Amino acid sequence: MDWDLALRSLGPIALGAVRGTVPLAVVSFAGGMLLAVGVALARLSRHRVLSGAGRAYVSVIRGTPLLVQLFVVFYGLPSLGLVIDPWPSAIIAFSLNVGGYGAEIVRAAILSVPKGQWEAAHVIGMSHRQSLTRIVLPQAARVSVPPLSNTFIALVKDTSLASLILVTELFRRAQQVAAFSQQFMLLYLEAALVYWVICLVLSAGQGRLEKRLDRYVAH
63 MDWDLALRSL
73 GPIALGAVRG
83 TVPLAVVSFA
93 GGMLLAVGVA
103 LARLSRHRVL
113 SGAGRAYVSV
123 IRGTPLLVQL
133 FVVFYGLPSL
143 GLVIDPWPSA
153 IIAFSLNVGG
163 YGAEIVRAAI
173 LSVPKGQWEA
183 AHVIGMSHRQ
193 SLTRIVLPQA
203 ARVSVPPLSN
213 TFIALVKDTS
223 LASLILVTEL
233 FRRAQQVAAF
243 SQQFMLLYLE
253 AALVYWVICL
263 VLSAGQGRLE
273 KRLDRYVAH
């Protein structure tokens, strides 16, 4: 093991995480959650077309590999005349993927809110939309924190797939250094270590957030 190389390469790999992996995960997760809420509400709708469209979207996303989705966006769409750069392609693919899985989490969280909450909101004169935004969604958000946090942590690791379409993130940096030095085992283990540290930090933040939210729940 070339420990001097390990120390010298740690900076570029960490920089790839700060400039590539983390922003890519955050932006994709934010976009995915917007999709997730919309699809979850569509699935809960009494309108058959909306419900069917939401169900079909979730089925496609959950039934196909993320790598295939990424390749369809980056390599497939150009055959239809739509060429998208690597970064936007990765964001679109990851957002679509998060939207599919997140929609089921949000839907389950909404369904977990007792029907009495809806009825109480209607009794005091709230419309369906007001009941949803002011009463139901805040409670559903607390319930969905643990699974959505796990989804975000998984997304951070999945961003490594973006290296296959030449997005410069953590793993791409490790590949570049490894190709130059031929120390593949060392550099890939170092990349794994950086991913692990990021996930440890995120897991710790998830635990603190859950404890903070739990203080407002009666036991």
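Basically the working numbering = 1-based index in the sequence shown + 62.
Glycine is no exception: its CB is placed at the ideal position from the N, C-alpha and C atoms.
Small disclaimer: the values here were computed from a predicted structure and weren't measured.
Task: Span of the alpha helix (DSSP H) around Thr-24 - done: Only positions 63 to 281 of the chain appear in this structure, which leaves residue 24 out of reach.
Task: Coarse secondary structure for Asp-220, derived from DSSP in three states - done: Note: Asp-220 maps to helix in three-state DSSP.
Task: Rounded C-alpha distance that separates Arg-117 from Gly-100 - done: Between Arg-117 and Gly-100, the C-alpha separation is close to 12 Å.
Open item on the list: Once DSSP output is grouped into helix, strand and coil, what is the label at Pro-176?
Closed with: Of the three classes helix, strand and coil, the one that applies to Pro-176 here is coil, per DSSP.
Task: Neighbour-count burial assignment, Asp-64, 16 or more Cβ in a 10 Å radius - done: So Asp-64 counts as exposed.
Open item on the list: Using 8 Å as the threshold, is the C-beta distance between Ser-121 and Ser-113 below it?
Closed with: By the CB criterion at 8 Å, Ser-121 and Ser-113 fall outside the cutoff.
- [ ] Could you spell out where the alpha helix (DSSP H) holding Gly-73 opens and where it closes?
- [x] In the DSSP annotation of this structure, the continuous segment of the alpha helix (DSSP H) that includes Gly-73 starts and ends at 65-78.
Open item on the list: According to DSSP, is Met-188 part of a helix, a strand, or is it coil?
Closed with: Here Met-188 sits in coil by DSSP.
Open item on the list: Here's the rule: buried if 16 or more other CB atoms are within 10 angstroms of the residue's CB, otherwise exposed. What is Glu-252?
Closed with: Buried.
TODO: Give the single residue among Val-88, Pro-140, Ala-92 and Val-239 whose Cα lies nearest to the Cα of Ala-68.
DONE: Checked all of Val-88, Pro-140, Ala-92 and Val-239; the closest Cα to Ala-68 is Val-239.
Open item on the list: For Leu-210 and Val-89, I'd like the C-alpha separation in whole angstroms.
Closed with: If I take the Cα positions, the gap works out to 15 Å.
- [ ] Within its chain, find whatever has a CB closer than 6 Å to the CB of Ile-53; leave out the 5 residues flanking it on each side and keep chain order.
- [x] Given that the chain is displayed from residue 63 to residue 281, the structure contains no residue 53 and the question cannot be resolved.
Task: Backbone secondary structure at Val-145 - three-state DSSP - done: Coil.
TODO: In the DSSP assignment, find the unbroken alpha helix (DSSP H) run with Gln-131 in it and report its ends.
DONE: In the DSSP assignment, Gln-131 falls within the alpha helix (DSSP H) that extends over 128-133.
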